[in-house]
Amino acid sequence: MKIIYFGTPEFAVKPLENLYGDSEFEIIAVVTQPDKPQGRKQILTASPVKDCAEKLGIPVIQPKNKQELAEELKKIEKVDFFVVIAYGMILTKEVLGMPKYGPINVHASLLPKYRGASPIQEALLHGDTNTGVSIMAMDETMDHGNIYLIKRLNIDENDSLESLTNKLSEMSAEILPLALKDIKSGILTPLPQNHQKATFCHKIEKEDGKIDFSKSAVEIKNMLRAFTPWPGIFTEFNGKKIKIIEATVSNDKIEPGKFKIDGKILKIGTSDGALIPSKLQIEGKNVMDAAAFINGYKSQIS
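Each residue of the sequence shown is one higher than the one before, counting from 1 in the working numbering.
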């Protein structure tokens with residue numbers, strides 16, 4: 001089966017590697033986002049999927065817009081599948097109609113729940129106990145198409161964005177080749193989603209990490225799970241930004257947003273319970289543990 005693979009972030013790397021390693025597939029091109037400046041020095045950086053494709057010797061296409069994408073794809077003949085995993089551009093009707101067996105999307109949620117750009121973060125934010133991977137036929141509306149296959153995954157209470165992303169990426173890599181083979185043979189038939197039950201998530205912005213202490217300690221801990229490493233969760237302490245790097249929760253009743261020292265333990269009040277940071281980072285300083293923070297800033301905590 002001839003495949004054009006669309007993907008950009010680390011999440012899409014393992015499925016690409018698995019398809020490449022299966023003799024029943026030929027990946028004739030990889031489509032990914034253009035290189036982007038990253039870091040303080042704004043160094044032009046390739047996407048993880050581009051890095052993977054180049055190591056595997058697969059031709060890479062990096063269109064800047066939808067028109068350029070369509071023009072590049074018209075040059076390629078006889079494609080069986082488009083496989084799209086977190087690519088980052090909505091495909092036009094013209095492009096969706098190109099592959100013989102259709103464009104297939106892999107989405108990291110139990111659709112129709114959490115359509116959109118941040119389904120893994122959203123599951124963690126809501127404290128969900130399970131999530132999964134949905135494989136669907138694509139249409140012109142984001143994450144709206146008929147479903148071929150859904151596989152569930154339990155979320156561990158210690159799962160972070162990184163660990164859950166890795167688990168879902170591995171699950172996607174495992175089930176994708178089997179799904180494509182069953183779609184081609186007609187074993188899998190797509191079923192429509194219940195659109196009335198659809199929920200949506202947005203692209204994560206830096207300000208999403210700002211802590212609102214009118215939320216409960218558990219909700220804030222879920223923010224930490226969802227937003228580490230980026231954008232992280234943060235608040236202000238004596239006019240300076242402070243990031244919470246690691247934390248647990250307790251049942252202590254403390255005024256929301258108030259910092260309190262209890263021996264060598266730092267506690268911050270919320271609407272329900274307290275957040276207990278174990279690692280913090282003051283703006284312009286290195287990461288420190290709670291004991292070091294208390295030693296350095298005890299006089300500033302009333």
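C-beta: ideal position from N, C-alpha, C; glycine also.
From which residue to which residue does the alpha helix (DSSP H) around residue i run?
i	result
residue 177	161-185
residue 55	48-56
residue 121	119-125
residue 294	290-297
residue 25	Premise fails: residue 25 is in no alpha helix (DSSP H) and is neither H nor E.
residue 2	Segment 2-7 is the beta strand (DSSP E) holding residue 2; no alpha helix (DSSP H) there.
residue 94	93-96
Does the distance from the CB of residue i to the CB of residue j come in under 8 Å?
i	j	result
residue 239	residue 254	no
residue 70	residue 92	yes
residue 337	residue 267	Residue numbering for the chain in the displayed model covers 1 to 302; residue 337 lies beyond these limits and cannot be assessed.
residue 308	residue 278	Any property of residue 308 remains undetermined from this structure, which presents the chain solely from 1 to 302.
residue 2	residue 28	yes
residue 80	residue 100	yes
residue 124	residue 161	yes
residue 137	residue 190	yes
residue 82	residue 103	yes
residue 132	residue 139	no
residue 301	residue 261	yes
residue 66	residue 89	yes
residue 234	residue 258	no
residue 206	residue 117	no
residue 73	residue 95	yes
Of all the options the options, which has the alpha carbon lying nearest to the alpha carbon of residue i?
i	options	result
residue 213	58, 110, 41, 272	272
residue 134	172, 166, 100	172
residue 194	132, 207, 113	113
residue 141	165, 124, 115	115
residue 33	226, 258, 9	9
residue 248	293, 265, 86	265
residue 86	48, 102, 76	48
residue 208	243, 187, 190, 185	243
residue 19	95, 35, 178, 110	178
residue 170	12, 283, 205	12
residue 52	282, 30, 198	30
residue 25	184, 282, 229	184
residue 156	54, 225, 283, 97	225
residue 165	206, 237, 229	229
residue 284	295, 241, 298, 293	241
residue 299	218, 147, 237, 232	237
residue 5	73, 84, 36	84
residue 188	147, 223, 21, 198	147
residue 250	97, 196, 219, 68	219
Buried or exposed for residue i, going by 16 or more other Cβ atoms inside 10 Å?
i	result
residue 39	exposed
residue 42	exposed
residue 122	buried
residue 108	buried
residue 143	buried
residue 311	What the structure shows of the chain is the stretch from 1 to 302, and residue 311 is not part of that stretch, so it cannot be assessed.
residue 159	buried
residue 221	buried
residue 291	exposed
residue 15	buried
residue 168	buried
residue 56	exposed
residue 77	exposed
residue 287	exposed
residue 186	exposed
residue 263	exposed
residue 97	exposed
residue 21	exposed
Kindly indicate the opening and closing residues of the beta strand (DSSP E) around residue i.
i	result
residue 136	130-137
residue 241	240-250
residue 13	Careful: residue 13 lies outside any beta strand (DSSP E), inside the alpha helix (DSSP H) at 13-20.
residue 279	274-282
residue 67	Run containing residue 67: none in the beta strand (DSSP E); it sits in the alpha helix (DSSP H), 66-74.
residue 227	Residue 227 -> not in any beta strand (DSSP E); alpha helix (DSSP H) instead, spanning 217-227.
residue 45	43-45
residue 105	103-107
residue 303	In the structure as shown, the chain starts at 1 and stops at 302, and residue 303 therefore has no counterpart that could be examined.
residue 154	147-154
residue 85	81-85
residue 269	265-269
residue 260	259-262
residue 233	233-237
Checklist line | Touch test, the stretch 169-186 against the stretch 143-160, Cβ-Cβ under 8 Å, three pairs minimum | finding: yes
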